[in-house]
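Chemist: FYI, the numbering for the sequence shown is -21 to -1, 1 to 519, going by mature numbering (1 follows the signal peptide of the UniProt record, and there is no 0).
Note that CB positions come from ideal geometry on N, CA and C, so glycine has one too.
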Amino acid sequence: MNLNKQLGGLFLLAPILLAGACTNLNQEATETSDMTEKKQRSLYILHTNDMHGTYMSFYTTTGNATAQTGDPGRDTLITFNQEARIGGFAYLASAVKKARSDRGANSVLLVDGGDTFSDDQLGNITKGEAMIRLMNALDYDLMALGNHDFDYGLQRTRELAQLANFPMRAANITDDATQQPVFGDPYLVKELNGIKVAVLTLGYRNTPKTGNPDNVKGLSFHVGQEVAQKYVPELRQKADIVVVLSHEGTAVDYKMAREVEGIDLIIGAHSHDILEPRKKIGKTYVVQAMSDAAVLGETELLIADNELVDVKTHYHWLWNDRLQPDREAQALIDELREPYLSRLQEKVVESKDVIGRQYKSESPFDRLVGNLLLEGYTGDVAIMPGVGYGISIKAGPVTSEDVYKLLPHPSRIVTLTMTGKQLKQTLEQSAENLKPDNKLGAVGGLIQTTGMRYELDLGRPIGQRITNVIIKNRPVNDTQNYRVVTHNGLLTGLHNYDEIGRGQNINRTEQLLTDFILQKLKEMKEVAMPANMGEVTIKR
């Protein structure tokens, strides 16, 4: 059963999230009656997550705007139903300041769920400093470390943590030298409106599989709910309310809510979900505010006799035509951009169509990249990882920073040969990533291939989901070698694709992937939706 719900100019198709959402009316009436007999107070947690360095507003398109909206492969399908500008740090600042003014600053906490300062051209230039300075200006209280918060290496993350006026922590990421959580105590205890609140931070357990493993050398990553089991009883002694700020993803957050007693609220991240209405599992509430600074979550905790009675969440959609940008934040943005403005705004190409990225389905932008790689390096197959960040290229002028939102990392182009059997095994790993037996092992989306047709059936057993693999109009031969073009990130076991690193005749070029694509786009002058979409048939 599909259920369409319009939220602030956005359609939310979420049958899974709504399962069990109807509660017993008599029970609610009783709870409301009990509250009126007790002294009630409210405290408010404002929350963002998965900003991915997005400090500028962006243009939404009908159907999708970000890498995880409009994707039919997701459990929760979010599609924008209008074309307009949304997000941007100046608009986020306006919403935060208004909430503090309306609610009272001593009743409000501002937190971020991680994947915060990379995946953007200005982020690359400043190595994350731009976002930290913006967050400092907005007086964030706490941030959980996401997997992409190590994209510039551990030492740079450490430097940014020192630059930040707020803690950047994760209880389940430990320093091998000390066996303690990285950067210090992984929780914050603060009194708001007379209520003591403890917020425990959790990072992403599979971080080494989502980027260069050298970036996190010296760190160990642990399963979040197991670490929460250790800390929550301690925090219940320190505070009236216990909140977990988690970068583990919605599926794991639900598991944690079921298995760890004593958590009042989980504020999620990583999976780019919008949980509306807020989910309640047992006595624990779960919320999340999508991604890319397009939404500010405002979660109200209603307290009676120092106990949580109810949770209400309102999502502020930061549509630019409904808000005024904050002048101070805009001035800081202008200051940060000014030295690099010509680089950021350089026109690269004109696009006839919206070209987006999908995460668990065929991705138009990655097919475009694959086409350009095969043209430039004369390969049989191009391979790109299935990643969940990025903002669609809109029809019209495309700038350098538009491309960097989709190709932000300094990956270098690699050619190699793989056997047909290795290619099939790689596709089977991708199918397992999409639907693993154990959701704790889920990492990455659909691997993005070009030049290879195949069928994928997620209803079949793991290892038997890929059929009818065809390259150059011929069935793939298990023993034949095929020339593959990819980038060096996929040689390191990214997203568990070990077979790529086992290929032969590996040639590591010095050519940066992003520079190559920028140059090719400039030569094209105009791009459109790739004509060879539909190479992959997926049965879910």
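#1: Counting Cβ pairs, one atom from each stretch, are 3 or more of them under 8 angstroms apart for the stretch 132 to 141 and the stretch 240 to 256?
#2: Assess contact between the stretch 335 to 352 and the stretch 288 to 306, defined as three or more Cβ pairs (one per stretch) separated by less than 8 angstroms. Is contact present?
#3: May I have the straight-line CA-CA distance separating Met397 from Gly430, to the nearest angstrom?
#4: Are Asn43 and Gly513 touching if we call contact CB-CB under 7 angstroms?
#5: What residue range is occupied by the uninterrupted alpha helix (DSSP H) comprising Gln443?
#6: Name the DSSP bridge partner or partners of Thr398?
#7: Should residue 521 and Pro318 be called a contact, given that it needs their Cβ atoms to be closer than 7 angstroms?
#8: With a 10 Å radius around its C-beta and 16 neighbouring C-beta atoms as the bar for buried, classify Thr180 as buried or exposed.
#9: At a cut of 8 angstroms, does the stretch 254 to 266 reach the stretch 234 to 246 through at least three beta carbon pairs?
#10: For Ile312, report the span of its beta strand (DSSP E) as first-last.
#11: By Cβ distance, which residues of its chain are closer than 7 angstroms to Arg20, with the 5 residues on each side in sequence left out?
#12: Just curious, the beta strand (DSSP E) that Phe59 is in, first and last residue?
#13: Measuring CA to CA, which of Met503, Ala156, Gln216, Leu311 is closest to Pro376?
#14: Would you check if the distance between the CB atom of Leu121 and the CB atom of Val176 is smaller than 7 angstroms?
#15: Comparing alpha-carbon positions, which option in Phe200, Ile24, Thr45 lies nearest Lys373?
#16: Going straight from the alpha carbon of Asp289 to that of Val265, what length do you get?
#17: Is the beta carbon of residue 521 sitting closer than 7 angstroms to the one on Gln427?
#18: Using a threshold of 7 angstroms, state whether the C-beta atoms of Leu117 and Gly93 are closer than that.
#19: Among the residues of its own chain, which have a CB less than 6 angstroms from the CB of Gly399, if the five just before and after it don't count?
#20: Can you tell me whether Glu505 is buried or exposed? The criterion is at least 16 other CB atoms within 10 Å of its CB, across all chains shown.
#21: Near Ser36, which residues of its chain fall below 7 angstroms by C-beta distance, leaving aside the five closest residues on each side in sequence?
#22: For His293, which of Gln208, Ala268, Asn28, Ser225 has the nearest alpha-carbon?
#23: Specify the secondary structure class of Phe(-11) as computed by DSSP and reduced to three states.
#24: Taking Cβ positions, are Val488 and Ile392 nearer each other than 7 angstroms?
#25: Quick one: is Ile441 buried, meaning 16 or more other Cβ sit within 10 Å of its Cβ, or exposed?
#26: Do you know how far the Cα of Ala421 is from the Cα of Lys414?
#27: Determine the closest residue to Val515 out of Ile485, Asp494, Leu425, with distance taken between C-alpha atoms.
#28: Kindly list the residues whose CB is nearer than 7 angstroms to the CB of Gly482, restricted to its own chain and excluding five residues on each side of it in sequence; keep chain order.
#29: Quick check: the Cα distance between Arg148 and Asn115, rounded to an integer number of angstroms?
#30: DSSP three-state call for Ser250: helix, strand or coil?
#31: Can you tell me whether Arg184 is buried or exposed? The criterion is at least 16 other CB atoms within 10 Å of its CB, across all chains shown.
#32: Since I believe Thr378 is in contact with Val327 (beta carbons under 8 angstroms), could you give me their beta-carbon distance rounded to a whole number of angstroms?
#33: Against chain B, does Phe495 count as a neighbour if the rule is that its beta carbon must be under 7 angstroms from one of theirs?
#34: Taking the straight line between their C-alpha atoms, what separation do you get for Gly367 and Ala273?
#35: How should Glu314 be labelled, buried or exposed, when 16 other C-beta atoms within 10 angstroms of its C-beta is the threshold for buried?
#36: Would you kindly check if the distance between the Cβ of Thr58 and the Cβ of Gly49 is under 7 angstroms?
Modeler: From the atom records:
#1: no
#2: no
#3: 14 angstroms
#4: no
#5: Where Gln443 is concerned, there is no enclosing alpha helix (DSSP H), given that its DSSP letter is neither H nor E.
#6: Asn460
#7: Lying before the first or after the last residue shown, residue 521 is absent from the chain, which here runs from -21 to 519.
#8: buried
#9: yes
#10: No beta strand (DSSP E) contains Ile312, which is instead part of the alpha helix (DSSP H) from 306 to 316.
#11: Asn172, Gly173, Ile174, Ile282
#12: 56 to 59
#13: Met503
#14: no
#15: Thr45
#16: 12 angstroms
#17: Nothing can be reported for residue 521, as the shown portion of the chain is limited to -21 through 519.
#18: no
#19: Val455, Asn456, Asp457, Gln459
#20: exposed
#21: Arg64, Ile65, Gly66, Gly67, Tyr70, Asn299
#22: Ala268
#23: For Phe(-11), the predicted model reports a pLDDT of 47, less than 50, meaning its position is unreliable and no value from the coordinates is stated.
#24: For the record, residue 488 in the displayed sequence is Thr; it is not Val. Yes. Within cutoff.
#25: exposed
#26: 8 angstroms
#27: Leu425
#28: Leu395, Thr396, Met397, Gln401, Val463
#29: 16 angstroms
#30: coil
#31: buried
#32: 6 angstroms
#33: Considering every chain present, this structure includes no chain B. It has just one protein chain.
#34: 16 angstroms
#35: exposed
#36: yes
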